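Chemist: Mind looking over this structure? Questions follow.
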Amino acid sequence: PGSFIPAPQVHSTVIKLEPRLPSPEVDFNEWDALIRIVFSRRRKTLRAQFRKISTLAMLEQNYKVWCTLAGQKPSTTPFPQLVSSVLEEEGFLRERAFAMELEDLHGLLKAFNKRGIHFASVHQGL
Numbered sequence: 438p439g440s441f442i443p444a445p446q447v448h449s450t451v452i453k454l455e456p457r458l459p460s461p462e463v464d465f466n467e468w469d470a471l472i473r474i475v476f477s478r479r480r481k482t483l484r485a486q487f488r489k490i491s492t493l494a495m496l497e498q499n500y501k502v503w504c505t506l507a508g509q510k511p512s513t514t515p516f517p518q519l520v521s522s523v524l525e526e527e528g529f530l531r532e533r534a535f536a537m538e539l540e541d542l543h544g545l546l547k548a549f550n551k552r553g554i555h556f557a558s559v560h561q562g563l
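Take 438 as the starting number for the sequence shown in our numbering and just add one per residue.
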């Protein structure tokens with residue numbers, strides 16, 4: 438106060454961030470990559486976000502590498518349908534990222550990972 442003339446018309450608030458305890462069991466590289474995808478255009482539905490060719494290409498590449506490293510045979514379902522099926526089974530096909538709860542996003546990540554769909558490099562994960 439008193440350092441600026443005229444005094445700025447600013448209202449401020451102090452917030453305190455506290456970590457969740459216990460911290461969620463999540464691979465933070467995976468989490469970061471998922472969040473980057475779903476919030477890259479936050480007003481788009483998840484269906485639209487996961488239909489982007491660049492996103493599908495990256496996820497499919499990770500999926501194939503994961504299947505090879507895990508010794509599993511890839512699904513015969515076309516990859517875009519595999520991704521859509523996860524969104525549909527979890528009930529998030531028409532959801533928008535900004536309207537989702539943290540727990541919903543965490544559940545979605547787990548559902549994708551359970552199907553072998555990974556968002557970050559899987560080389561060091563196995």
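Here a beta-carbon is modelled for each residue, glycine too, at the ideal position from N, C-alpha and C. Source: prediction; values computed, not measured.
Which residues mark the beginning and the end of the alpha helix (DSSP H) in which Gly553 is found?
Modeler: For the purposes of this step, residue 553 is taken as the residue at position 116 of the sequence shown. Gly553 -> no alpha helix (DSSP H), and no H or E assigned at all.
Chemist: What would DSSP say about Arg533, mapped onto helix, strand or coil?
Modeler: Taking the sequence shown and counting its residues from 1, the one referred to as residue 533 is at position 96. Reduced to three states, the DSSP call for Arg533 is strand.
Chemist: Out of curiosity, what's the CA-to-CA distance linking Pro445 and Trp468?
Modeler: If you number the sequence shown from 1, residue 445 lands on position 8. If you number the sequence shown from 1, residue 468 lands on position 31. Approximately 39 Å, taken between the alpha carbons.
Chemist: Quick one: grab the DSSP three-state call for Thr482.
Modeler: In the sequence shown, the residue the question calls residue 482 occupies position 45. The answer is strand: DSSP assigns Thr482 an E or B state.
Chemist: Is it right to say Val520 is buried, meaning 16 or more other beta carbons lie within 10 angstroms of its own, or is it exposed?
Modeler: In the sequence shown, the residue the question calls residue 520 occupies position 83. By the 10 Å Cβ count, Val520 comes out buried.
Chemist: So, do the stretch 500-507 and the stretch 443-460 have three or more beta carbon pairs nearer to each other than 8 Å?
Modeler: The stretch 500-507 is not in contact with the stretch 443-460.
Chemist: Tell me which residue opens and which closes the alpha helix (DSSP H) that Ile474 is part of.
Modeler: Taking the sequence shown and counting its residues from 1, one reaches residue 474 at position 37. From DSSP, the alpha helix (DSSP H) with Ile474 extends over Phe465 to Val475.
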